[in-house]
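2 protein chains.
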Amino acid sequence: MTPYSNKKLVINEDQHQKQLKHKQWQQSQHYKLSISPKTVSHDAVNDSKTWTEALSSNTNEQYQVTKTLILKPKTAKTAPATPVVVIALESTETNATALGKKLSLKDCRFANEDLLKGTFGVDKDSVSPFALSNVQDLSLVHLVVDNAILALDAATLLAFHPSAADKTVFVTVDQLKSYFASINKEFIDVDFKALAAAKPPATDAKKPAKAPKAKKEAAAPSEEANQMGLGCKKEEDFPKWYQQVLTKSEMLEYYDVSGCYILRPLAYNVWKEITNFFDAEITEMGVEDTYFPMFVSNRVLEREKDHIEGFAPEVAWVTKAGNSDLEEPIAIRPTSETVMYPYFSKWIRSHRDLPFRINQWCSVVRWEFKNPQPFLRTREFLWQEGHTAHLTLESADVEVKQILDLYEQVYTDLLALPVVKGVKSEKERFAGGYYTTTVEGFIPTTGRAIQGGTSHCLGQNFSKMFNITVEDPSAPANATEEAKKLHVWQNSWGLSTRTIGVMVMTHGDDKGLVMPPRVALIQTVIVPCGLTVKTTKAESDKIFDACQDVANRLKKAGLKSKADLRENYTPGFKFNHWEIRGVPLRLEVGPKDLEKNQVTAVRRDTGAKFAVSLDNLEAGIKEALDTIQREMYEKAAKKMQESIVRVSKWEDFVPTLNKKKLLLVPWCDRTECEDDIKERSAKVANEGEEEDDRAPSMGAKSLCNPFNQPTEDPIVPGVTKCIACEHDAKHFMLFGRSY
Amino acid sequence: MTPYSNKKLVINEDQHQKQLKHKQWQQSQHYKLSISPKTVSHDAVNDSKTWTEALSSNTNEQYQVTKTLILKPKTAKTAPATPVVVIALESTETNATALGKKLSLKDCRFANEDLLKGTFGVDKDSVSPFALSNVQDLSLVHLVVDNAILALDAATLLAFHPSAADKTVFVTVDQLKSYFASINKEFIDVDFKALAAAKPPATDAKKPAKAPKAKKEAAAPSEEANQMGLGCKKEEDFPKWYQQVLTKSEMLEYYDVSGCYILRPLAYNVWKEITNFFDAEITEMGVEDTYFPMFVSNRVLEREKDHIEGFAPEVAWVTKAGNSDLEEPIAIRPTSETVMYPYFSKWIRSHRDLPFRINQWCSVVRWEFKNPQPFLRTREFLWQEGHTAHLTLESADVEVKQILDLYEQVYTDLLALPVVKGVKSEKERFAGGYYTTTVEGFIPTTGRAIQGGTSHCLGQNFSKMFNITVEDPSAPANATEEAKKLHVWQNSWGLSTRTIGVMVMTHGDDKGLVMPPRVALIQTVIVPCGLTVKTTKAESDKIFDACQDVANRLKKAGLKSKADLRENYTPGFKFNHWEIRGVPLRLEVGPKDLEKNQVTAVRRDTGAKFAVSLDNLEAGIKEALDTIQREMYEKAAKKMQESIVRVSKWEDFVPTLNKKKLLLVPWCDRTECEDDIKERSAKVANEGEEEDDRAPSMGAKSLCNPFNQPTEDPIVPGVTKCIACEHDAKHFMLFGRSY
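Protein sequences, first through last, are from chains A and B.
So the first sequence is numbered by the UniProt record's numbering: it starts at 1 and just counts up by one.
So the second sequence is numbered by the UniProt record's numbering: it starts at 1 and just counts up by one.
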């Protein structure tokens, strides 16, 4: 069916109003499509035949009529729906069952009105690909495009109902693809003809459900549990794995403002634990918490030029309130140096006020236009920012390192992650600062480093700009006022929710999250097991009571514990439920456990199983959690250690980089050389043979000049050369691909 | 001197560029002046004579030449400068010394370049009234206007240097006054002629400084200490007192974006204590912390019409990022109902997920156009907002009250403040909600009530709008899907940093802040006393060591303590320093105290003095702090109780209101009647004789229907009439003037 008509486009008088309304829709869609789609109105139609007729009398374009189907596979009651959107030529025979088989989805049926309305915001007569714009979490949707459409010429017009049964929009095949790209949604190319031709695979006779034995549950999870699994492997498709592990563990939710994400309790709790630890430590040091407004006037923001150049392209501006335009636009803080320092100059009156140290816990906004990534690159993020002023550089230096040590502790002690401490190169230094120290993390799966937190010495640059001075107590009494004036030495330091992303990426596995015990919202979950059809009510009650009792005892001992006493779920379902959420330790309580006066503990990180006596419950579990915490760190630290490779010849640089390593190299410490290394490592990678998606061609950046320099075979001044140029090496530098 | 010229305005070719630049300044000033001031350029001039000459050749206007002087009175080293800006006719003789005397300021001298630059952003040749726009804290500036200017006709032009010595701007006397109004700065009208004519008062011969005796210090604070005092009394000028107590205690700082304030550590710590208490309580209840983005798309924000109508006029919109216009404006959350509930509909899949309860600690933005007031009405404020969903109204009801009880505890137990709990009238209910409960606070000095925190039951309104449903577990098995569908019952509840304002207003006194011990950043300060010129170094060391020792012991016992061992300040200065900051308990340690093995404790709230044995230090101080906390509450509660008056006749309504009381009255519970009461109480107040600034003419609002209804002489259904109309009274309602 290829309707074709030479008739001119005719619009009824009374359709004019409808068109106006539609124009608004069209405009709202405009930016999404980056095109002006051609739209026509006609009588409302609800089947393809009347539609084709209506169109043929309304337009003179050559086009293909399409259909958009929304199917719903069967999923566990508690799991979200994972609808399948099929976009096909009207003429294509689309077999839902065969499609379901192909996609490994169960019982694909047409979605009901509730799903259409709730998830896609449409009714059955106005389903179109553009309904995808209304979907909150596109990761849950399978998008299937008919191979017969993709085989068409890119300029071929396709007819879709845009938002109502009495409208048709025409877009080309190419524009349709652009639309999918604009909403960041990949599609699955399906050859329905081939599908129809293939012999349907033999369906297994469904066995009646039987209460599974406790021992086999973990190995043979229920079908329901499978549905809530990740559906991809960490090593095979890391970006998809990351997205899936975050959403399916309910740690994070995608949000309808791009680059913003919802931190759900599992994630926010990590931030709370970091806050509690770090805030207590800096309070002890004498730092006081404060809160500055999120808004900055342009005048203040622009005061320090180098600094603002670094941030200006990402600053979000408020220009309206209610219906009124503001007299002048007001920025949302991207960081607070220029927000705070005018007040430092007011508050710091004497050298006796030094060190002056404040910190704030807040969110900042950096409107990045690069691809956002949960935790790692987001437009709003939570952080702490410390800002301090000192009489001397020495005093500032000491604090820079103290804070860096605390950042290291956040990683090692709380998140069970290793970091390398060091100083950033001039190129990577904080805009407007004097020197920047960093804790660098490492994501083994991608072989990329990640800046984990930075502690900057700002020197006197800002204090000169904002006139933050005290009278120098060591100046001679007869010195002039000007000579006595001393500009304070300043530091600023920040740690953000990016920490959480590093934790997930490093510890997570194919089953989901793996939470270090110290930051877990639930540290142990207790699951009643071993109940069969023969179990009496009394026996079952006894098990359930024992589970609750164990949970209560552990809670009392300060361990975050929960008994999962849901009656309508199998143990296997529960195991999966808590595994994907990364609960560090699962305790199984069955009849045999009670007989032996014990619980069976299963570690999330290793899968190791062991008994803990009820007599020794609290101490036993506490010890197990400590062991998990320690061994998770050791495992990650070993991996990082193995991944830092000393290289001294340039020929080895890129090949080693491509093996997902970080490189410790003798370096001349010159920005020109750093630029050169970046360019050369990117180029060679592009030409390399092993190039693929997961070995990115980006050039290597300098990560830091590690405090811990190798002692074996050290730099010999004047002898050891830089790895990349003919200059003398100054020290070892850590290079690598980086987030 | 009244220069007058008929020559036309002539501008040199090379002045054109300067003028262009100046135009930008002029435009930036435009909104502040709400006028287009006429500006001319001329050669740079640095005295009045050359200026007058330059002007006379440049304009044909008739005008008065002025001068703007900036003086700096002597203040304590640690106190901020309090400059005096004098705007006078060039011809007026302005005697700085005489002016200083009149304003009770010490040693008024011309300000140096540093002050001009640092505080006013100008140099000595470009001082003008408009430099006030650059001042961060206008409350510190004394603004004096020559009576000779005020005596001129309102339309008389005045000549000022706007921003440079080669520019002159002309504004009328009226426009000058408007400018002062626009920056919210009152001026002092000074008759310099009268001042010059008055006999200079005899100056006291300055006595040589003597080490004051410890006992007399509190009664006779040093002059320096006087300088940092409030300079006004709570009962005499409450708005000024409030501003002074907040800034001089260093609790809060004014900020250069209107309606935004800096919460300094003293204030932020109160919020931390509230957070710690409340978060622990709701965690115990099963509420989980989360963080939603601060940005909301327009589409989502507008989804609930009643609700958004309440907030729309105050929503701030981000329309730009870097240099790019956003595709569509994005709102900053004013509250998060519409932000969160689309996700509730996704996350809540089954009645087993209920109650579903989350909370977030964040800041929200409400761009109010009314006069801002620190803590009470600010454009950004910190709060917590809880959002929960329940299967039944009963379950929602229970939680609404539980939360309200926690809010009450925040006030009574932490802030030592009484509240009245009750239900808001229909008129005062949360937009889009079902019913609203509140804790109402009371500010005795103004006799006004203040809404202290609200716990709303939202009913099913939002769940219907956002389609948040579960399958009704009690529905018959054979019911249709539609019949089984149950919309959840929702609550939302919030408490903000407004709490801190109520605390300051209630407890503060003429000496400054009075902090309840439980939220004080420093609970006890230890001050070495009784040192005289005869004290030996060894004796003095012993005292200082003893102070530090006391501080250490108290800290170890969990009490927030600090020894003030600054050597260059007198005890009197320190007493004042900590009194203005509201430290609940001061411990004095002198030679006689050590002899008696004791410290002398002085309560901030009552001034009561008593000895505490060093043998019983920790317990004694802890008990004293508990007593202060309890008695501060009791005092405030007694005051509130006395201020709630039962009134049953309308004739008594307004007179009682005017006595700064809240009224408990029999009421019909009708919105029409509430509107009527508001109007009638405002009108009568306007006509009243006792009207003054501190008895505002605003009408009375309903505050709440108190849970605690009077049992004595109760409402008799069908008999007791409403206080304001002929309808039957339904219950007692609390009415009052309100913030």
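By construction, the Cβ of each residue, glycine as well, lies at the ideal position given by its N, Cα and C atoms.
All figures in this text were calculated on a predicted structure; none of them were measured in a lab.
First through last residue of the alpha helix (DSSP H) which encompasses residue i
i                     : result
T283 (chain A)        : P265 to M285
residue 740 (chain A) : Residue 740 (chain A) cannot be examined here, being either before or after the span of chain A that is shown, 1 to 739.
Q373 (chain B)        : Segment: none, Q373 (chain B) is in no alpha helix (DSSP H) and carries neither H nor E.
N298 (chain B)        : N298 to L301
V470 (chain B)        : Here V470 (chain B) belongs to no alpha helix (DSSP H); instead the beta strand (DSSP E) covers T469 to E471.
CB contact below 9 Å: residue i versus chain A
i              : result
T319 (chain B) : yes
F344 (chain B) : no
R352 (chain B) : yes
C260 (chain B) : yes
F180 (chain B) : no
Y341 (chain B) : no
S56 (chain B)  : no
S540 (chain B) : no
Q175 (chain B) : no
S738 (chain B) : no
V365 (chain B) : yes
F120 (chain B) : no
D472 (chain B) : no
Buried or exposed (CB count within 10 angstroms, at least 16 for buried), residue i
i              : result
T606 (chain A) : exposed
N705 (chain B) : buried
N616 (chain A) : exposed
I443 (chain A) : buried
F110 (chain B) : exposed
I188 (chain B) : exposed
Q523 (chain B) : buried
F369 (chain B) : exposed
F724 (chain B) : First, the amino acid is wrong: residue 724 (chain B) is Ala here, not Phe. A724 (chain B) comes out buried.
E399 (chain B) : buried
Min CB distance residue i to chain B below 9 Å
i              : result
Q244 (chain A) : no
S222 (chain A) : Bear in mind that a pLDDT of 38 at S222 (chain A), under 50, signals an unreliable position, so the number given afterwards is only what the model happens to contain. Output row for S222 (chain A): interface = no.
For residue i, the first and last residue of its enclosing beta strand (DSSP E)
i              : result
N147 (chain A) : First-last for N147 (chain A): N147 to L150, but that is the alpha helix (DSSP H), not the beta strand (DSSP E).
I332 (chain A) : S324 to I332
R586 (chain B) : L585 to V589
A389 (chain B) : E380 to H390
Residue i vs residue j beta-carbon contact at 9 Å
i              : j              : result
I70 (chain B)  : V145 (chain B) : no
G310 (chain B) : G432 (chain B) : yes
L263 (chain A) : F292 (chain B) : yes
Q360 (chain A) : Q384 (chain A) : yes
V527 (chain B) : V589 (chain B) : yes
L246 (chain B) : V504 (chain B) : yes
V423 (chain A) : T446 (chain A) : no
M285 (chain A) : S363 (chain B) : no
Listed in chain order, which residues of the stretch 311-337 of chain B have Cβ atoms closer than 9 Å to some Cβ of chain A?
A312, P313, E314, V315, A316, W317, V318, T319, K320, A321, G322, N323, S324, L326, E327, E328, P329, I330 and I332
Closer than 8 Å, Cβ to Cβ, to anything on chain A: give me those residues from the stretch 484-502 of chain B, in chain order.
none
When you check each C-beta in the stretch 293-312 of chain B against every C-beta of chain A, which residues fall closer than 9 Å?
P293, M294, F295, V296, S297, R299, V300 and A312
Closer than 7 Å, Cβ to Cβ, to anything on chain A: give me those residues from the stretch 373-404 of chain B, in chain order.
E380 and L382
Could you please tell me which residues of the stretch 555-581 of chain B, in chain order, have their CB closer than 9 Å to any CB of chain A?
R566 and N568
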